[in-house]
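K.L.:
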Amino acid sequence: MVVLLQGHAWVAGVVVVLGTSAAGLGLLFLVRRASARKPYEPHNAVLAGCLGFVGTIYAITSVFTMFHELGGYDRLRQDLRKEAFVVASIAMDSSVMGGAAQRGIEEAVRSYNETVLAEWPRTARGEFSTRVETARKQLMGELAELRPRTEAQRTYVSESLKAVQEATAGQEYQLFVARSGLLEAVVWCALLVSAAAALLFCCLFRLREWRLQALLVAVIGLVVGSNLFLVLDLSYPMAGLLSVSPDGYAEVMHLFLRR
Numbered sequence: 002m003v004v005l006l007q008g009h010a011w012v013a014g015v016v017v018v019l020g021t022s023a024a025g026l027g028l029l030f031l032v033r034r035a036s037a038r039k040p041y042e043p044h045n046a047v048l049a050g051c052l053g054f055v056g057t058i059y060a061i062t063s064v065f066t067m068f069h070e071l072g073g074y075d076r077l078r079q080d081l082r083k084e085a086f087v088v089a090s091i092a093m094d095s096s097v098m099g100g101a102a103q104r105g106i107e108e109a110v111r112s113y114n115e116t117v118l119a120e121w122p123r124t125a126r127g128e129f130s131t132r133v134e135t136a137r138k139q140l141m142g143e144l145a146e147l148r149p150r151t152e153a154q155r156t157y158v159s160e161s162l163k164a165v166q167e168a169t170a171g172q173e174y175q176l177f178v179a180r181s182g183l184l185e186a187v188v189w190c191a192l193l194v195s196a197a198a199a200l201l202f203c204c205l206f207r208l209r210e211w212r213l214q215a216l217l218v219a220v221i222g223l224v225v226g227s228n229l230f231l232v233l234d235l236s237y238p239m240a241g242l243l244s245v246s247p248d249g250y251a252e253v254m255h256l257f258l259r260r
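Per the working numbering, the very first residue in the sequence shown carries number 2; after that it's consecutive.
1) To the nearest angstrom, report how far apart tyrosine 250 and proline 149 are at their CA atoms.
2) Grouping DSSP H, G and I as helix and E and B as strand, with all else coil, what is arginine 285?
3) In chain order, which alpha helix (DSSP H) runs of at least 4 residues are fully inside the segment 101 to 188?
4) Cα-Cα, which of Glu152, Phe177, Leu144, Arg180 is closest to glutamine 166?
5) Less than 8 Å between the CB atoms is what I'm expecting for proline 238 and leucine 118, so what's the real figure, rounded?
6) Which value, in whole angstroms, describes the spacing of the CA atoms of isoleucine 61 and leucine 19?
7) Which residue's Cα is closest to the Cα of valine 97: Leu77, Val64, Ser161, Leu200?
8) Roughly how many whole angstroms lie between the Cα atoms of isoleucine 58 and serine 195?
9) Spatial neighbours of glycine 171 within its chain, please: C-beta separation below 6 Å, excluding the five flanking residues on both sides.
10) For the alpha helix (DSSP H) containing valine 253, name the first residue and the last one.
11) Hey, would you say the C-beta of valine 165 is under 6 Å away from at least one heavy atom of the ligand NAP?
12) Under a three-way DSSP split, which group does glycine 53 fall into?
13) Out of Glu146, Leu208, Leu223, Ala164, state which residue places its alpha-carbon closest to the alpha-carbon of aspartate 94.
14) Since tryptophan 211 contacts arginine 34 with CB under 8 Å, what's their CB separation in whole angstroms?
15) With DSSP run on the structure shown, which of helix, strand or coil describes glycine 226?
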């Protein structure tokens with residue numbers, strides 16, 4: 002799913018949207034064929050209340066899901082940007098060490114940022130990058146070799162090590178989200194069941210003119226399919242049309258870490 006969204010997000014969107022609409026039309030054909038001789042008015046009178054109830058449940062489920070995903074998406078985007086500037090601060094504050102130590106730290110941070118940017122496609126697919134891990138170890142090695150003499154230097158080393166640890170934790174979370182998504186399976190089940198129920202009741206609510214009902218079911222299928230694809234796309238914020246990007250790292254490279 003991640004690979005499909007990352008490489009062919011528009012194709013995935015078209016398949017989900019048109020597939021949902023086609024499924025609704027297929028269901029309508031089966032329902033009308035099975036209930037061709039049943040009366041219209043009593044049948045519709047019973048279904049009117051059910052259709053409104055199911056539609057309301059589907060709307061509530063969709064809104065809840067969207068808010069949940071948008072919160073996770075925004076958190077990931079902000080954390081990624083914060084991570085970039087926290088790592089950059091290691092180089093920007095390294096003047097407290099001075100001399101060769103400062104130059105070594107700046108080069109290690111620059112190399113780390115370049116590696117994160119170069120390996121981002123792998124990270125977005127949820128694949129562990131040995132290059133990023135190597136660059137991180139090199140940065141940790143530079144910091145571990147420092148011999149702070151003043152209180153300011155000791156504070157710098159301590160805060161820098163914490164910054165690297167925070168970046169490591171952030172990237173582990175990014176890999177987790179890329180592989181698993183933001184939505185739990187139970188939420189997906191609730192959303193799919195409510196969407197299927199909404200389409201089913203639209204098919205059961207019969208109109209005498211089958212062409213008009215087919216048009217209505219097709220349009221509702223397009224709306225439901227669009228909603229499902231949007232939920233799917235937001236559920237994997239490292240891939241797809243609305244994916245987060247390492248723009249913070251690129252901005253840091255441009256502003257602070259240019260050679």
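Just so it is clear, CB atoms sit at the ideal spot from N, CA and C, and this is done for glycine as well.
As the structure is a prediction and not an experimental result, all values here were calculated from the model.
P.N.:
Reading from the atomic positions:
1) The residue you call residue 250 lines up with position 249 of the sequence shown. The residue you call residue 149 lines up with position 148 of the sequence shown. Each residue's Cα considered, the two are about 28 Å apart.
2) One cannot answer for residue 285 here, as it falls past the ends of the chain, which runs 2 to 260.
3) Considered as a whole, the segment 101 to 188 harbours 121 to 125, 131 to 145, 152 to 181 as its complete alpha helix (DSSP H) runs of no fewer than 4 residues, in chain order.
4) Start at 1 with the first residue of the sequence shown, and residue 166 comes out as number 165. For the options Glu152, Phe177, Leu144, Arg180, the alpha carbon positioned closest to that of glutamine 166 is the one of Leu144.
5) One-based indexing of the sequence shown puts residue 238 at position 237. One-based indexing of the sequence shown puts residue 118 at position 117. Actually they do not touch by this definition, with Cβ atoms about 18 Å apart.
6) On the sequence shown, position 60 is the one that residue 61 refers to. On the sequence shown, position 18 is the one that residue 19 refers to. C-alpha separation (whole angstroms): 23 Å.
7) Along the sequence shown, read from residue 1 onward, the residue named residue 97 stands at position 96. For valine 97, the nearest C-alpha among the options comes from Ser161.
8) As a position in the sequence shown, residue 58 is number 57, starting the count at 1. As a position in the sequence shown, residue 195 is number 194, starting the count at 1. If you draw a straight line from the Cα of isoleucine 58 to the Cα of serine 195, it is about 7 Å long.
9) What you label residue 171 is simply residue 170 of the sequence shown in a count that begins at 1. Taken in chain order, the residues that qualify are Asp80, Glu84.
10) The residue labelled residue 253 in the question sits at position 252 within the sequence shown. Looking at the DSSP string, the run of the alpha helix (DSSP H) that includes valine 253 is 248 to 256.
11) Inclusion of the ligand NAP in the displayed structure is not the case, the ligand content being empty and no account of it being possible.
12) By one-based count along the sequence shown, residue 53 stands at place 52. DSSP places glycine 53 within a helical segment (H, G or I) once states are collapsed to three.
13) In the sequence shown, counting from the first residue as 1, residue 94 sits at position 93. Closest by alpha carbon: Ala164.
14) Start at 1 with the first residue of the sequence shown, and residue 211 comes out as number 210. Start at 1 with the first residue of the sequence shown, and residue 34 comes out as number 33. Not quite, the Cβ-Cβ distance comes to about 11 Å (not below 8 Å), so this is no contact.
15) Position 225 of the sequence shown, counted from the start, is the residue given in the question as residue 226. The three-state reading of DSSP puts glycine 226 in helix, counting H, G and I together.
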